[in-house]
Each structure stands twice: as C-alpha cells, then as structure tokens.
Amino acid sequence: MHHNRLTEQKIRQLKLEIISAYENLVIRSYSYIRFLIMNMRIIEELEQYLPQRGTVLDVGCGFGLFSFFFALSAKDRKIIGVEINANRIAAAEKVREKLGLDGRIEFHVSDVSNYPFEQPVNAIVVLDLLHHVSPKLALNMLDQFQQILHEDGILIIKDITAKPWLKMAFTWVLDKLMDFRGPLRYYTKEEMVSFVEERGFDVKIHRMIDILPYPHVLYICRKTTL
Ligand SMILES: C[S@@+](CC[C@H](N)C(=O)[O-])C[C@H]1O[C@@H](n2cnc3c(N)ncnc32)[C@H](O)[C@@H]1O
1 MHHNRLTEQK IRQLKLEIIS AYENLVIRSY SYIRFLIMNM RIIEELEQYL
51 PQRGTVLDVG CGFGLFSFFF ALSAKDRKII GVEINANRIA AAEKVREKLG
101 LDGRIEFHVS DVSNYPFEQP VNAIVVLDLL HHVSPKLALN MLDQFQQILH
151 EDGILIIKDI TAKPWLKMAF TWVLDKLMDF RGPLRYYTKE EMVSFVEERG
201 FDVKIHRMID ILPYPHVLYI CRKTTL
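Everything in the sequence shown is counted per this note's numbering, starting at 1 for the first residue and increasing by one.
This is the structure:
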C-alpha cells in the first residue's frame with residue numbers, strides 16, 4: 001500500500017491552520033495543547049497507517065481536530081466524526097465550514113452506545129476515548145468495529161496504558177480536570193491486546209516515547225484473516 005509521508009513542516013502547517021480556525025479562545029488553547037500532546041511522532045504514525053482514500057470514522061472526535069487533520073492531509077478521504085458533546089460538535093461544524101470541508105466531513109452528535117454503526121468504513125480511529133467509557137461499552141464498540149470495517153480496513157486505537165503508574169496518575173489528573181464526572185478506566189497493554197485479539201483483530205503495538213509524562217500507546221489493528 002502506498003502512503004504519502006507528510007513532512008514535519010507540513011504537519012505543523014496543518015496543525016496551525018486547524019487551530020486558528022477555532023474562534024473561541026478557550027477551544028483554540030485546548031486545541032493547541034491537544035496537538036502538543038499528540039506529538040509529531042504520533043501524527044506521523046497515524047498518517048502512515050491511514051488509507052489515502054475512503055471513509056475514516058473518528059469515534060469520540062471531540063472538537064474535530066483530527067477529523068480536520070485527516071481530511072486536510074489527504075483529499076480523497078471522507079470523515080465521519082461521532083461525539084457525545086453537542087457543544088463540541090457545534091464548534092467543529094463552524095470550523096468545517098471555514099476550512100471548506102463541508103462536503104467531506106459528517107459530524108454526528110451521539111453517544112457511541114446508541115450510534116448505529118452500519119455503514120462500512122475503510123478506517124476507524126479511536127483517539128483517547130476508550131479510557132473514558134465503561135469497559136462494557138468499550139468491548140461492545142470493538143465488536144461493532146469488527147462488523148463495519150472493510151476486510152482490508154484498519155482500526156487505530158490511541159490510548160493511555162495503566163503502567164507505569166506515575167505516568168498514569170499524571171494523565172488521570174488531567175483527564176479529571178477536563179471531565180470530572182465520567183468514568184476513567186485505563187488498561188494495560190496486555191488487557192487491550194487481548195480485547196482486540198478476542199474480537200478477531202491482529203494487533204501491532206507502538207509505544208510512543210514522549211518527553212511529557214504520557215504513557216501513550218498506539219494499537220494498530222487489522223482483521224484477522226483465517
Ligand atoms: C479525550 S477526548 C478526545 C477527543 C479527540 N478524539 C481527540 O483526540 O482530540 C474524548 C472525547 O470523547 C467524547 N466521549 C466520551 N464518551 C463518549 C461517548 N459515550 N460517546 C461519544 N463520545 C464520547 C468526549 O466528549 C470527548 O470529546
């Protein structure tokens with residue numbers, strides 16, 4: 001499969017274009033920090049694995065930062081973003097128009113537990129969502145992803161591991177600051193791997209080294225071919 005490698009300069013330029021499209025200063029600052037946390041290496045890895053064309057489902061897309069990034073970085077991608085928080089989607093819709101992406105990105109306000117995952121997709125990205133939902137919902141989602149993903153499709157999960165505990169404690173504090181009510185459940189790499197493997201995926205793990213104390217892990221999952 002051929003993949004376009006984005007230069008660091010191009011990644012920086014796209015990040016800036018997206019950040020500056022948010023009118024609200026608080027959201028703009030959040031986006032700036034979010035893009036710092038999701039550092040160059042992580043974005044390069046995501047881009048490397050995502051198909052250049054087809055439909056990408058961005059589950060728990062928040063303000064749509066990565067939906068925009070993936071749409072701007074490859075013109076033949078269509079994106080579907082699903083997010084429970086209506087205010088976040090309202091902000092995302094304004095930015096979508098500003099960036100001229102109305103025809104290429106659909107946003108849906110929905111709890112993933114009610115969202116009808118029906119349409120077949122080429123790729124699914126789940127960026128820092130699984131630790132915010134109940135284990136039951138997380139597993140249920142993985143089952144549904146297996147159903148809607150094309151045979152040669154890719155599921156990319158970016159999450160935080162439960163180890164080392166000090167790094168996890170740091171993330172826990174930040175997560176609680178962002179959303180103090182929601183459940184928080186971090187998994188070890190072994191737990192996450194067995195979840196996806198039990199659901200018929202082959203998985204490759206990328207541990208992301210970071211100067212910030214984040215225990216980032218990328219799980220690159222493809223359907224197991226029997
Ligand atoms: C840590 S943020 C990550 C946002 C985005 N994926 C990113 O990487 O910037 C997690 C997002 O998941 C959303 N979320 C949490 N539970 C959800 C659910 N049950 N259904 C849909 N979205 C949910 C939150 O509202 C939040 O915007």
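We treat Cβ as the ideally placed atom computed from N, Cα and C, and that holds for glycine.
Please read these numbers as outputs of a predicted model, since none were measured by experiment.
What does DSSP give as the partner residue(s) for Asp202 in the beta ladder?
Arg222
Determine, using beta carbons only, whether Ser67 and Ile105 come nearer to each other than 8 Å.
yes
Curious, which full-length beta strand (DSSP E) runs of at least 3 residues does the segment 98 to 139 contain?
105 to 109 and 121 to 127
Taking three-plus beta-carbon pairs below 8 Å as touching, is the segment 122 to 137 in contact with the segment 56 to 75?
yes
For Ile157, which of Thr224, Glu45, Leu14 and Phe117 has the nearest alpha-carbon?
Glu45
So, Ile148 versus Tyr49, is the Cβ gap smaller than 8 Å?
no
Suppose contacts are defined by Cβ-Cβ distances below 8 Å. Is Arg77 in contact with Gly100 by that definition?
no
If we call anything under 8 Å between Cβ atoms a contact, is Ala92 one with Gly81?
yes
So, is Val112 buried or exposed, given that buried needs 16 or more other C-beta atoms within 10 angstroms?
buried
Shorter than 7 Å, the distance from the beta carbon of Glu83 to the closest heavy atom of ligand 1, or not?
yes
Whole alpha helix (DSSP H) elements within the segment 60 to 103, 4-residue minimum
65 to 73 and 86 to 98
Rounded to the nearest angstrom, what separates Ile19 and Ser29 at their Cα positions?
8 Å
With a 10 Å radius around its C-beta and 16 neighbouring C-beta atoms as the bar for buried, classify Val217 as buried or exposed.
buried
Per-residue DSSP class, three states only, for Arg41
helix
When we look at the beta-carbon of Thr224 and count the other beta-carbons within 10 Å, is it buried (16 or more) or exposed?
exposed
Leu137 and Phe195 closer than 8 Å at C-beta
no
With a 10 Å radius around its C-beta and 16 neighbouring C-beta atoms as the bar for buried, classify Glu8 as buried or exposed.
exposed
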